[in-house]
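S.K.: Got a structure for you, questions after.
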Amino acid sequence: MASFASSTTKIYGNKILADMFDHGKHEPYFGSKLKKNEKNKKKLDLKLVTKVASQLPVIVPPPDQEVINKEKKLAAWTSVRQERWEGELVVEGELPLWLNGTYLRNGPGQWHIGDYNFRHLFDGYATLVRLHFENGRLIMGHRQIESDAYKAAKSSNKICYREFSEVPKPDNFLSYIGDMAKLLSGASLTDNANTGVVKLGDGRVVCLTETIKGSIVIDPNTLDTIGKFEYSDSLGGLIHSAHPVVTDSEFITLIPDLINPGYLVVRMEAGTNERKYIGRVSCRGGPAPGWVHSFPVTENYVIVPEMSLRYCAQNLLKAEPTPLYKFEWHPDSKAFVHVMCKASGNIVASVEVPLYVTFHFINGYEEKDEDGRVTAVIADCCEHSADTTILDKLRLENLRSFNGKDVLPDARVGRFRIPLDGSPYGELEAALDPNEHGKGMDMCSINPAYLGKKYRYAYACGAKRPCNFPNTLTKIDLFDKKAKNWYDEGAVPSEPFFVARPSATEEDDGVVISMISDKNGEGYALILDGSTFEEIARAKFPYGLPYGLHGCWVPKI
Numbered sequence: 001m002a003s004f005a006s007s008t009t010k011i012y013g014n015k016i017l018a019d020m021f022d023h024g025k026h027e028p029y030f031g032s033k034l035k036k037n038e039k040n041k042k043k044l045d046l047k048l049v050t051k052v053a054s055q056l057p058v059i060v061p062p063p064d065q066e067v068i069n070k071e072k073k074l075a076a077w078t079s080v081r082q083e084r085w086e087g088e089l090v091v092e093g094e095l096p097l098w099l100n101g102t103y104l105r106n107g108p109g110q111w112h113i114g115d116y117n118f119r120h121l122f123d124g125y126a127t128l129v130r131l132h133f134e135n136g137r138l139i140m141g142h143r144q145i146e147s148d149a150y151k152a153a154k155s156s157n158k159i160c161y162r163e164f165s166e167v168p169k170p171d172n173f174l175s176y177i178g179d180m181a182k183l184l185s186g187a188s189l190t191d192n193a194n195t196g197v198v199k200l201g202d203g204r205v206v207c208l209t210e211t212i213k214g215s216i217v218i219d220p221n222t223l224d225t226i227g228k229f230e231y232s233d234s235l236g237g238l239i240h241s242a243h244p245v246v247t248d249s250e251f252i253t254l255i256p257d258l259i260n261p262g263y264l265v266v267r268m269e270a271g272t273n274e275r276k277y278i279g280r281v282s283c284r285g286g287p288a289p290g291w292v293h294s295f296p297v298t299e300n301y302v303i304v305p306e307m308s309l310r311y312c313a314q315n316l317l318k319a320e321p322t323p324l325y326k327f328e329w330h331p332d333s334k335a336f337v338h339v340m341c342k343a344s345g346n347i348v349a350s351v352e353v354p355l356y357v358t359f360h361f362i363n364g365y366e367e368k369d370e371d372g373r374v375t376a377v378i379a380d381c382c383e384h385s386a387d388t389t390i391l392d393k394l395r396l397e398n399l400r401s402f403n404g405k406d407v408l409p410d411a412r413v414g415r416f417r418i419p420l421d422g423s424p425y426g427e428l429e430a431a432l433d434p435n436e437h438g439k440g441m442d443m444c445s446i447n448p449a450y451l452g453k454k455y456r457y458a459y460a461c462g463a464k465r466p467c468n469f470p471n472t473l474t475k476i477d478l479f480d481k482k483a484k485n486w487y488d489e490g491a492v493p494s495e496p497f498f499v500a501r502p503s504a505t506e507e508d509d510g511v512v513i514s515m516i517s518d519k520n521g522e523g524y525a526l527i528l529d530g531s532t533f534e535e536i537a538r539a540k541f542p543y544g545l546p547y548g549l550h551g552c553w554v555p556k557i
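Listed below in structure tokens is the structure:
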């Protein structure tokens, strides 16, 4: 079981430093060996966080041999070793001097309370990781997000709120009835903001999950939890898309209506907490709205997906999870995509499309004729071949028990084409041959300057088979329909995040940042050239970190 203490120790001695940061003869799939940055190494001060409340320093005891042996295994699916850490890392290679700012990554990082182990990847309490780049140096820190759910679990040593697949265990029948009442009001839903993190146009940084109450403001410099992000409007709702579309001027999201199946499309201007109504989409099929983990926009339209994987109130009420958790698969209800005008809220297209399953949309844009008239919208996503088993493949038991068999469901870059001529049907096909990226595809990013516009490149996690989880970093070229793949045998990379070089004129002029869990139980930050997709730098973490989900970039002002 992982130890949860706030470390305030300081590590000295060249031998300890050498042991902790020796990369040995490791060689990545792409790129050549890199020499250590000796200048940075000499300046290294592995000083852990000392400003930890007002408690006495707590020293993490040395692990016993059994723990050491376990830690040689992949750390991606294990709870984070301690609540927080901060220190400068030794950099191999050279970080671009223009790369000044902070990459924040959010994700589930603690999968146990006491002796109880959680079931699913999405259940874990949120761990926020910070990579701060400045003048060729790199400082890493991590910290747990202080949600009500996390604090209650720590203080009571049990689950107190409803997570993705976990529910509180009632003490008796009366407490069970009380929990049902809290569920209907939303009081028992988690605020465990373990999915994404976004920088709003006014500079505030908010961690998010699919419950609206799970919107938490954090300090990007200290990783302190500041408090709840409280919406000031009367739109209500219990859930929303975990991935709003955020720009310097606005925040757009979808609020599923579980009573009268449909979606509210809302906008929040930068500097406010007020969501304003744009329009409403009524579902065309099924007993409930389709799951909307994410959605795309174009310059003039919001694209609202309606999957056949639909929310299910009955499953939400059950004490034990079903194979599809809080969802239900309704292929007979068909699948649809709706297109809404941002300015008027009018629905300009609503089409039936082939069945699909996706967590993450990549981007959308408008297709125009030679006279400049918009004739269709294009929406690209990481599409899992309409295979709902991907959800159950993310059980921690499955992720931790890879035995060499190829069990990862196939995925592709699914491209929707939605005509705006009144046609009742849209198209869905692969944007490139899925074999280019090993028939694995998820956790995507693009150059944000191309959001809602025609674009060429996307960065994602692909697959080198056999595997049970995406295990490559992949650069997709949607014009040439080719992919470049980075691979470290036995490792699990997290979302590749693209940061553009200031004043860049080429779409792929920048770097890609990812955090890697390697097969020896260790981990490192990886920086690839956005154009060549070759490694330019890496920095080893003091210990392996759990897998993380999504991130954002906070530039240095």
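If you count the sequence shown from 1, position 197 lands on 197 in UniProt numbering, and the numbers rise without skipping. Even glycine gets a Cβ: it sits at the ideal position worked out from N, Cα and C.
Based on the DSSP output, what are the partners of arginine 227 in its beta bridges?
M.R.: Strictly speaking, residue 227 in this sequence is glycine, with arginine absent from that position. DSSP, once it has assigned bridges, lists Val217 as partnering glycine 227.
S.K.: Any idea what DSSP makes of asparagine 485, helix, strand or coil?
M.R.: strand
S.K.: Among Arg130, Leu99, Ser423 and Lys158, which one has its Cα closest to the Cα of methionine 515?
M.R.: Checked all of Arg130, Leu99, Ser423 and Lys158; the closest Cα to methionine 515 is Arg130.
S.K.: So what does aspartate 248 bridge to, in DSSP terms?
M.R.: In the DSSP output, where bridge partners are listed per residue, aspartate 248 has none listed.
S.K.: Would you please state the rounded distance, in angstroms, between the beta carbons of glycine 462 and histidine 437? I believe it to be under 8 Å.
M.R.: Going by Cβ atoms, the distance from glycine 462 to histidine 437 rounds to 3 Å, so yes, they are a contact pair.
S.K.: Here's the rule I'm using: 16 or more other beta-carbon atoms within 10 Å means buried, otherwise exposed. How should threonine 9 be labelled?
M.R.: Caution applies to threonine 9, whose pLDDT of 33 falls short of 50 and renders its modelled position unreliable; the value that the coordinates give is listed next. By the neighbour-count rule (16 or more Cβ atoms within 10 Å), threonine 9 is not buried but exposed.
S.K.: Do you know offhand how far tyrosine 524's Cα is from leucine 89's?
M.R.: 10 Å
S.K.: Unbroken beta strand (DSSP E) runs of length 3 or more, entirely within the region 305-347: which are they?
M.R.: 309-311, 327-329 and 335-341
S.K.: For the region 86-133, list the beta strand (DSSP E) runs that are entirely contained and at least 3 residues long, ordered along the chain.
M.R.: 91-93, 101-106 and 108-110
S.K.: Span of the beta strand (DSSP E) holding glutamate 429?
M.R.: 427-430
S.K.: Is there contact between the region 312-319 and the region 393-404, where contact requires at least three CB pairs shorter than 8 Å?
M.R.: no
S.K.: Glutamate 506: buried (16+ other C-beta within 10 angstroms of its C-beta) or exposed?
M.R.: exposed
S.K.: Within 10 angstroms of the Cβ of glutamate 370, are there 16 or more other Cβ atoms? Answer buried if so, exposed if not.
M.R.: exposed
S.K.: Going residue by residue through the region 344-404, where are the continuous alpha helix (DSSP H) segments of at least 4 residues, counting only ones entirely within it?
M.R.: 390-393 and 396-399
S.K.: Using a threshold of 8 Å, state whether the C-beta atoms of valine 337 and glutamate 306 are closer than that.
M.R.: yes
S.K.: What three-state label does DSSP hand glutamate 436 in the structure shown?
M.R.: helix
S.K.: Applying the criterion that 16 or more other CB atoms from any shown protein chain within 10 Å of the CB defines a buried residue, is phenylalanine 533 buried or exposed?
M.R.: buried
S.K.: Find out if the Cβ-Cβ distance for the pair asparagine 363, leucine 451 is shorter than 8 Å.
M.R.: Their beta carbons are under 8 Å apart, which means asparagine 363 touches leucine 451 by this criterion.
S.K.: Using the Cα positions of aspartate 410 and cysteine 444, report the straight-line distance between them to the nearest angstrom.
M.R.: 16 Å
S.K.: Among Arg373, Ser282 and Val266, which one has its Cα closest to the Cα of serine 344?
M.R.: Taking each of Arg373, Ser282 and Val266 in turn and checking the Cα distance to serine 344, the smallest one comes out for Val266.
S.K.: Between the region 462-472 and the region 492-512, can you find at least three pairs of beta-carbon atoms closer than 8 Å?
M.R.: Judged by Cβ distances under 8 Å, the region 492-512 makes contact with the region 462-472, as three or more pairs qualify.
S.K.: With the cut-off set at 8 Å, would you say glycine 107 and tyrosine 547 are in Cβ contact?
M.R.: yes
S.K.: Is the distance from the Cβ of valine 357 to the Cβ of threonine 298 below 8 Å?
M.R.: no
S.K.: If you draw a straight line from the C-alpha of alanine 335 to the C-alpha of lysine 482, how long is it?
M.R.: 29 Å
S.K.: Helix, strand or coil, according to DSSP, for lysine 556 in the structure here?
M.R.: In the structure shown, lysine 556 sits in coil (DSSP, three-state: anything other than H, G, I, E or B).
S.K.: Do you know how far the Cα of aspartate 421 is from the Cα of aspartate 123?
M.R.: 43 Å
S.K.: Would you call the CB atoms of residue 637 and phenylalanine 416 closer than 8 Å?
M.R.: Given a span of 1 to 557 for the chain in the structure shown, any question on residue 637 remains unanswerable.
S.K.: Name the DSSP beta bridge partners of isoleucine 239, please?
M.R.: Thr211
S.K.: Determine the burial state of asparagine 37: buried for a count of at least 16 other Cβ atoms within 10 Å of its Cβ, exposed for fewer.
M.R.: A caution first: asparagine 37 carries a pLDDT of 44, below 50, which makes its placement in the model unreliable, though a value can still be read off. Looking at its Cβ environment, which holds 16 or more other Cβ atoms inside 10 Å, asparagine 37 is buried.
S.K.: I believe methionine 268 touches tyrosine 301 by the beta-carbon criterion, under 8 Å. Please report the beta-carbon distance rounded to the nearest angstrom.
M.R.: Wrong, their Cβ atoms sit about 18 Å apart, outside the cutoff.
S.K.: Give the secondary structure of serine 185 by DSSP, where H, G and I count as helix, E and B as strand, and everything else as coil.
M.R.: helix
S.K.: State yes or no: is the C-beta of arginine 501 within less than 8 Å of the C-beta of aspartate 477?
M.R.: no
S.K.: Could you check what DSSP says for serine 156 in three-state terms: helix, strand or coil?
M.R.: Residue state for serine 156 is assigned as helix, using DSSP reduced to three classes.
S.K.: In whole angstroms, give me the CA-to-CA distance for valine 499 and glutamate 134.
M.R.: 14 Å
S.K.: Can you tell me the Cβ-Cβ gap for leucine 309 and tryptophan 291, rounded? I've got them flagged as a contact below 8 Å.
M.R.: 5 Å
S.K.: Which of the three DSSP states, helix, strand or coil, is assigned to arginine 538?
M.R.: strand
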